[in-house]
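Enquirer: Provided herewith is a single structure, encoded as structure tokens, for subsequent inquiry.
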Amino acid sequence: MGRSRSRSRSSSRRNRTKHKKLARSPSPSYEEDRRKNNKHSSNINNSRRHDSTRSRDKRKIKSITVSSSSDSDSDVNINRRIEEARKRDEERKWLETERKRLARQKEMEEKYIEEEVARRVEELVATRVAEELEKRKDEIDREVMRRVEEAKAILERQILENFEKQRQAEIEAQRLKEEEEQRKRDELENIMKENNRKIEEAQRKLAEEQLKLVEDQRRILEERQRIEDIERKKSRMEQEIILNKKNARPRLSFSLGKPS
């Protein structure tokens, strides 16, 4: 028990030393931290006084038990053993409770110190960052403007490149469209030429056929005319022959010559 109280006093002394060291560091919340540390130390002192009172009560109980055990040896031995066992159990429980309490207290103190250190470090870092930013404000502004101008130039270049690509794409599309239209016109012209050629060929063949037909008709007419002429001549000759037969007489010959 004495060793436990010694450790508690030593731990409390170290904690007070840590609190004093923290209190010396400059911070806007110095007074508030000191009030918290004083309150925490007061709680520790109250806990120690309570532990001291409990120890005195236990010593009184032990003294009364020893004086009453002189009535009989057997009862003394039994009661002493029971009392010793009870005391050992109570002391063990008390030590365990005290150990847990001190562990919780130490944990709370360490957590408080850790949080306080973290808070102060955070405040210090924020202050240093703000000071550094204030010192480098002009440089940061220039760097920001430089990056903005650089990003603006990149964006403008990308816009111009996209515009040029779009324009080239439109030109290519127009060229392909014109080529397609020209191809269609050429195909149509070739089709029209082929149709005209076929029409001319058909007309030529038709003209030749018509000419041939006219020539055939002319030959037929000439042949018919020739046959008709022959028929007419033949008929006329036959008529003449018939007429000559009807008018057949001996021919008289008159001669005016001298008689022999």
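The end of the sequence shown is residue 260 by full-length UniProt numbering, with every number in the run present. Where is the CB? At the ideal position from N, CA and C, for every residue including glycine.
Measuring straight from C-alpha to C-alpha, what distance separates residue 204 and residue 231?
Expert: 39 Å
Enquirer: Take the Cβ of residue 123 as the centre, count every other Cβ of all protein chains shown within 10 Å, and call the residue buried at 16 or more, exposed below.
Expert: exposed
Enquirer: Three-state secondary structure (DSSP) at residue 136?
Expert: coil
Enquirer: What's the C-alpha gap between residue 146 and residue 154?
Expert: 12 Å
Enquirer: Which full runs of the beta strand (DSSP E) of 3+ residues lie inside the region 189 to 240, going along the chain?
Expert: none
Enquirer: Label residue 223 either buried or exposed according to how many other C-beta atoms from any shown protein chain fall within 10 Å of its C-beta, with 16 as the threshold for buried.
Expert: Counting C-beta atoms within 10 angstroms of its own C-beta, residue 223 has fewer than 16 neighbours from the protein chains shown and is therefore classed as exposed.
Enquirer: Would you tell me roughly how many angstroms separate the C-alpha atoms of residue 138 and residue 132, rounded to the nearest one?
Expert: 11 Å
Enquirer: Count the other CB atoms, across all protein chains shown, that sit within 10 Å of the CB of residue 209; report buried if there are 16 or more and exposed otherwise.
Expert: exposed
Enquirer: Which residues in the same chain as residue 88 place their Cβ atom closer than 8 Å to its Cβ, once the five residues preceding and following it in sequence are excluded?
Expert: If we look at residue 88 and ignore the five residues flanking it on each side, it has no Cβ neighbours.
Enquirer: To the nearest angstrom, how far is it from the Cα of residue 157 to the Cα of residue 114?
Expert: 54 Å
Enquirer: Assign residue 243 to one of three DSSP states: helix, strand, or coil.
Expert: Helix.
Enquirer: What is the rounded straight-line gap between the Cα of residue 165 and the Cα of residue 177?
Expert: It is roughly 18 Å from the alpha-carbon of residue 165 to the alpha-carbon of residue 177.
Enquirer: I need the straight-line Cα distance from residue 199 to residue 189, nearest angstrom please.
Expert: 15 Å
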